[in-house]
Structures are given as C-alpha cells and as structure tokens.
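So for the sequence shown, my numbering puts the first residue at 28; every next one is plus one. Ideal Cβ positions, reconstructed from N, Cα and C, are used throughout, including at glycine. Working notes for the structure below.
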Amino acid sequence: MTTHTAPGPRTEADIVLYTTRSLSGYSDLTPSDARAYLRATMTDWAVPETVSHELQLIVSELTTNALAYTRSPWITLTITLADDEACVSVSDRGPHRDLEAHQAEPDAEHGRGLLLVEALAHRWEQCESADGGTTVSAAIKVTDHKGPSCTSTRPRA
28 MTTHTAPGPR TEADIVLYTT RSLSGYSDLT PSDARAYLRA TMTDWAVPET VSHELQLIVS
88 ELTTNALAYT RSPWITLTIT LADDEACVSV SDRGPHRDLE AHQAEPDAEH GRGLLLVEAL
148 AHRWEQCESA DGGTTVSAAI KVTDHKGPSC TSTRPRA
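In structure tokens, the structure reads:
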C-alpha cells in the first residue's frame with residue numbers, strides 16, 4: 028500500500044491521507060480482503076480501534092453490495108483520513124444504480140446493509156462514477172486520533 032498526501036491546498040484542515048486498492052469483482056473473498064486492507068491501513072495511521080471496527084463493518088457491506096448487484100470485474104476501495112474523519116469509498120464499474128436504505132421484511136435474510144451503514148456513519152453518499160458505475164462513500168468522525176498528524180505520510184510495503 029502506498030499512502031499519499033492528497034493534492035490541493037496545504038492548510039492543516041485540508042491535509043488528507045488516502046490509499047486505494049483494486050479488488051476482484053468476482054471473488055467471494057473480496058469483502059474479507061477489503062476488511063483486512065482497511066484494518067492494516069487504520070493500524071498504520073493509528074486510528075482508534077472503535078473507528079476501525081465500524082469502518083470494517085461498513086466496507087464489508089459496501090463491497091458485498093458491489094459484488095451482489097453489479098457485474099464489475101474490479102471494485103475499487105479508497106480510504107481517506109482527515110483530522111476529524113475517516114472515510115471509505117467503494118466504486119464499481121456498473122451499471123449505476125440508485126441506492127436507498129430501507130427496512131427489510133423481518134424474516135428476510137438480506138436487505139439491511141445500507142441501514143447498518145446509515146446507522147454507523149455520520150454521513151454517507153453515492154454518486155455515479157465516470158465509467159457508469161456507482162461510488163458509495165461513508166465517513167465516521169474521528170475525535171480521539173492520537174496517531175501521527177495527517178500532515179505526515181509513511182509508505183507501506
């Protein structure tokens with residue numbers, strides 16, 4: 028994994044760490060791989076464990092949805108960290124679909140993922156990606172980040 032400082036203005040409030048990973052759109056292991064990558068990144072960035080756990084649940088739901096509802100050969104996971112929030116984004120290559128959190132039937136085995144995302148994230152959003160797919164992002168507030176400042180970067184192998 029390579030950690031980057033995002034381009035743009037360089038004030039303390041604007042500094043962001045980010046990393047991306049391409050994952051298979053056809054493998055049942057993709058949600059597990061996404062969680063492992065996220066967990067390692069959050070550990071490297073010294074993000075509080077509670078935030079890491081919540082983001083792992085979120086990324087698992089988002090990658091599972093991308094696998095289940097698209098025909099994407101690849102899914103892209105993007106992880107960002109600002110001074111006050113950590114965010115995950117999952118992008119597929121389509122077809123684009125509008126997503127909405129809704130209440131599932133009590134005996135349904137599926138259909139609660141976006142409700143979980145909505146409950147854990149302080150904000151979540153979706154948009155159509157440039158290649159006709161869908162990008163879903165969810166962010167969690169980080170209030171007790173005691174790790175290195177977001178102004179420093181450290182590449183990982």
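With a CB to CB cut of under 6 Å and the five nearest residues on each side skipped, what residues in its chain are close to residue i?
i, result
"ALA109", "VAL43"
"THR91", "PRO58"
"ASP158", "ARG120"
"THR105", "THR47, SER116"
"THR162", "SER116, SER118, CYS154, SER156"
When we look at the beta-carbon of residue i and count the other beta-carbons within 10 Å, is it buried (16 or more) or exposed?
i, result
"ASP171", "exposed"
"GLU76", "exposed"
"ARG120", "buried"
"ALA93", "buried"
"ALA95", "exposed"
"ALA63", "exposed"
Can you give me the Cβ contacts of residue i inside the same chain, cut-off strictly under 7 Å, excluding the 5 residues immediately before and after it?
i, result
"CYS177", "Legend: pLDDT at CYS177 = 43, less than 50; position of this residue unreliable, no value from coordinates given."
Given the structure, does residue i come close to the ligand FAD, in the sense that its CB is under 6 Å from one of the ligand's heavy atoms?
i, result
"ASP158", "Inclusion of the ligand FAD in the displayed structure is not the case, the ligand content being empty and no account of it being possible."
Return the Cβ separation of residue i and residue j in integer angstroms, given the expectation that the two are a contact with Cβ distance under 8 Å.
i, j, result
"GLU155", "SER164", "That pair is no contact at about 13 Å."
"VAL169", "GLU112", "6 Å"
"VAL78", "ALA61", "Actually they do not touch by this definition, with Cβ atoms about 16 Å apart."
"THR70", "GLY160", "Not confirmed; about 29 Å, so no contact."
"THR68", "THR46", "6 Å"
"LEU65", "GLN83", "6 Å"
"GLU81", "LEU147", "5 Å"
Spell out the partners DSSP gives residue i in its beta bridges.
i, result
"GLU113", "Note that residue 113 corresponds to Ala in the displayed sequence, not to Glu. Per DSSP, LEU108, ILE167."
"TRP151", "ALA165"
"TRP101", "SER51"
"SER118", "THR103, THR162"
"THR90", "Answer by DSSP bridge pairing: none, since THR90 is not bridged."
"THR46", "ILE106"
Among residues of its own chain, excluding the 5 on either side of residue i, which ones have a beta-carbon nearer than 8 Å to its beta-carbon?
i, result
"HIS149", "GLU112, ALA166, ILE167, LYS168"
"LEU143", "LEU84, ILE85, GLU88"
"ALA135", "Per-residue confidence for ALA135 stands at a pLDDT of 46, beneath the threshold of 50, marking its modelled position as unreliable; the derived number appears in the next sentence. Nothing listed; no residue qualifies."
Is there contact here, the stretch 86-104 with the stretch 42-62, by at least three beta-carbon pairs under 8 Å?
-> yes
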